[in-house]
Amino acid sequence: MPDAAAAVTPTQIAQRGSRQLAVRWADGAESVLDVRALRLACACAECVDEWSGEPRLDPATIPEQIHPLRIRPVGRYAIQIEWSDGHEAGIYSFERLRALSSA
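In terms of the numbering used here, the sequence shown opens at residue 4 and continues consecutively.
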């Protein structure tokens, strides 16, 4: 039986070119995420209504060539991305990153 913690424990997170973010997981899997899709998946209060859960972010306002400027760890459970459109409020838990990679 696979170790559930290993499935959501990254061993490496790196930008791959300007369009992808690669995450290598402790269970040996690798996720490659499109950075624009990742920006659109931001679940912060600016992008998603806290009460209704309805999206507040209009995808048309996100440039096609958006890219991370900086990626910072948040404790031992998430990353925070500073985006080229000035947005930096979102926190992406490792569990969410893994779920987005299989969506």
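C-beta atoms are modelled at their ideal positions from N, C-alpha and C, and glycine is treated no differently.
Under the three-state DSSP convention, the category residue i falls into
i   : result
M4  : At M4, the pLDDT of 43 sits below 50, so the modelled position is not reliable; the number obtained from the coordinates is stated separately. Of the three classes helix, strand and coil, the one that applies to M4 here is coil, per DSSP.
L43 : helix
S96 : strand
T66 : First, the amino acid is wrong: residue 66 is Pro here, not Thr. Looking at P66 - three-state DSSP - the assignment turns out to be coil, as it is neither helix nor strand.
S55 : coil
A81 : strand
R19 : strand
Option in the options with minimal Cα separation from residue i
i    : options               : result
Q23  : G56, L72 and R59      : L72
L100 : W28, R19, S21 and G20 : W28
Q18  : I69, A7, P62 and D52  : I69
A81  : S87, E98 and E67      : E98
Rounded Cβ spacing between residue i and residue j (contact assumed at less than 8 Å)
i   : j    : result
V51 : P58  : 6 Å
V26 : S105 : That belief does not hold up - the Cβ atoms of V26 and S105 are roughly 12 Å apart, past 8 Å.
Evaluate contact between the segment 38-47 and the segment 9-17, counting only Cβ atoms and requiring at least three cross-stretch pairs below 8 Å.
-> no
Count the CB pairs spanning the segment 43-59 and the segment 84-101 that are closer than 8 Å, and state whether there are at least three.
-> yes
Just checking, does the segment 72-83 make contact with the segment 28-37 on the three C-beta pairs under 8 Å criterion?
-> no
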